[in-house]
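Numbering (full-length UniProt numbering), first residue to last: 1 to 336. All remarks here apply to the structure that follows.
Right, here's the structure in full:
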């Protein structure tokens with residue numbers, strides 16, 4: 001007669017061995033499933049301020065990659081192999097658009113064919129300003145200062161009535177970052193519906209932070225609106241117009257072209273009439289041009305990079321950039 005207990009014993013032993021084996025194999029099996037099932041959306045952004053906005057919206061889900069770092073300029077950018085690979089693998093590409101970084105347009109079209117591409121300057125509702133042909137801002141320009149109730153800013157197309165297109169530095173108006181954050185939440189929700197609520201909540205938190213910051217900056221700069229300011233590069237038009245600053249001239253235009261003799265002479269005449277009390281310039285630029293314009297008269301100087309060079313990339317960069325700019329400008333423009 002068969003001893004059932006003796007037959008069952010090997011089966012029990014085998015089952016006991018299977019349990020720890022299953023505990024080891026199941027995680028390995030899960031890891032072997034294609035990563036696309038589990039992977040967070042792969043986001044690539046062109047410049048640090050836009051990367052920061054994307055990082056704030058994707059916070060807790062995905063960490064975007066940054067294309068244009070401290071060692072490059074959006075106006076003259078060459079793609080490295082690692083950056084080309086990032087574009088090829090991206091689910092979402094976030095960039096200002098060809099008005100800021102024309103060298104990226106071809107690589108995005110050819111390398112990121114499988115990604116959703118967001119040109120933020122094309123997002124509906126974005127407050128846009130026309131690029132300026134002259135280094136001396138016209139007194140005839142429309143006002144669009146803080147507190148404007150038009151609700152939609154200057155929505156110029158890329159071929160504006162002056163033939164120059166738009167000024168692409170639109171991230172320097174925090175209202176645009178609010179609009180873009182919500183648009184990014186929508187794009188990420190289409191790519192990753194499971195995290196749609198998180199993206200929407202992040203975008204609304206960013207909107208609250210930036211609306212409060214906008215009010216803070218306006219309160220800081222309003223008492224100084226009549227103080228004349230010279231800028232080294234006409235990248236600050238969005239700050240100038242949003243906070244009604246008195247920018248009396250720019251050494252180089254929005255596209256970073258160097259000034260010719262005629263423009264330098266016009267700026268020098270302006271400086272004699274208006275006597276700027278502060279110069280806003282960018283790191284690495286020579287002082288020689290504006291020192292000639294000011295006839296070597298001593299003035300205060302603010303140096304800050306509008307694209308956030310030298311800052312740690314991440315969700316906090318954008319707000320930190322605008323806040324520091326406003327604090328430095330207030331100190332520079334203050335009487336005494």
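All residues carry an ideal CB built from backbone N, CA and C; glycine is no exception.
Assuming residue 87 is part of the alpha helix (DSSP H), what are its boundary residues?
From DSSP, the alpha helix (DSSP H) with residue 87 extends over 81-89.
Any idea which residues DSSP pairs residue 278 with across the strands?
Answer by DSSP bridge pairing, in chain order: 229 and 300.
What are the start and end residues of the alpha helix (DSSP H) that includes residue 105?
First-last of the alpha helix (DSSP H) with residue 105: 105-111.
For residue 96, which residues of its own chain have a beta-carbon under 8 Å away from its beta-carbon, when the five flanking residues on both sides are left out?
Close CB contacts of residue 96 within its chain, under the 8 Å cut and outside five residues either way in sequence, are with 46, 47, 50, 74, 119, 120, 121, 168, 170 and 171 (chain order).
Residue from 61, 277 and 55 with nearest C-alpha to residue 319
With distances taken between CA atoms, residue 319 lies nearest to 55 out of 61, 277 and 55.
Using 8 Å as the Cβ pair cut-off and three pairs as the minimum, do the segment 177-188 and the segment 57-69 touch?
These segments touch.
Since residue 221 and residue 329 are thought to touch, with beta carbons under 8 Å apart, how far apart are those beta carbons, to the nearest angstrom?
With a Cβ gap of about 6 Å, residue 221 and residue 329 count as contacting.
Take residue 301 and list the residues in its own chain whose beta-carbon comes closer than 6 Å to its own, dropping the five residues that flank it on each side.
Excluding sequence neighbours, residue 301 sits near 279.
For the structure I just gave you, are there three or more beta carbon pairs, one from the segment 237-245 and one from the segment 211-225, closer than 8 Å?
The segment 237-245, when compared against the segment 211-225, does touch it at the 8 Å Cβ threshold.
Per-residue DSSP class, three states only, for residue 307:
Three-state result, residue 307: coil.
With H, G and I counted as helix, E and B as strand and the rest as coil, what does DSSP make of residue 46?
Three-state DSSP puts residue 46 in coil, outside helix and strand.
Could you give the residue range of the alpha helix (DSSP H) that holds residue 186?
Start and end: 174-191.
So, for residue 235: in the same chain, excluding its five sequence neighbours on each side, which residues have a beta-carbon less than 6 Å away from its beta-carbon?
Excluding residues within five positions, the ones whose Cβ falls inside 6 Å are 169 and 306.
Mind checking which residues open and close the beta strand (DSSP E) that includes residue 250?
Where residue 250 is concerned, the enclosing beta strand (DSSP E) starts and stops at 246-252.
Run of the beta strand (DSSP E) containing residue 119, from where it starts to where it stops:
Its beta strand (DSSP E) spans residues 116-119.
Compare the C-alpha of residue 283 against each of 296, 308 and 293 and name the closest.
Residue 283 has its Cα closest to that of 308, out of 296, 308 and 293.
Which residue wins for smallest C-alpha separation from residue 317, given the options 247, 209 and 232?
Comparing Cα-Cα distances from residue 317 to each of 247, 209 and 232, the minimum goes to 209.
Are the beta-carbon atoms belonging to residue 248 and residue 276 less than 9 Å from one another?
Going by C-beta atoms, residue 248 is nearer than 9 Å to residue 276.
Through-space distance from residue 62 to residue 27, alpha-carbon basis:
Annotation note: pLDDT 46 at residue 27 (below 50); position unreliable, coordinate value reported separately. Answer to the nearest angstrom: the Cα atoms are 23 Å apart.
Is the distance from the Cβ of residue 87 to the Cβ of residue 100 below 9 Å?
Residue 100 sits away from residue 87, with the two beta carbons spaced by 9 Å or more.
Using a threshold of 9 Å, state whether the C-beta atoms of residue 293 and residue 271 are closer than that.
In this structure, residue 293 places its C-beta atom within 9 Å of the C-beta atom of residue 271.
State buried or exposed for residue 203, treating a residue as buried only when at least 16 other CB atoms are found within 10 Å of its CB.
Result: buried.
Leaving out five residues before and five after residue 258 in sequence, what residues of the same chain have Cβ atoms less than 7 Å from its Cβ?
Correct list, in chain order: 252.
Give the DSSP-derived three-state secondary structure of residue 335 in the structure shown.
Coil at residue 335, not helix or strand.
Cβ-based burial, residue 331 [other Cβ within 10 Å; buried from 16]:
Exposed, by the Cβ-count rule.
Boundaries (first-last residue) of the beta strand (DSSP E) holding residue 94
Counting along the chain, residue 94 sits inside the beta strand (DSSP E) bounded by residues 92-95.
In three-state DSSP terms, what is residue 130?
Here residue 130 sits in strand by DSSP.
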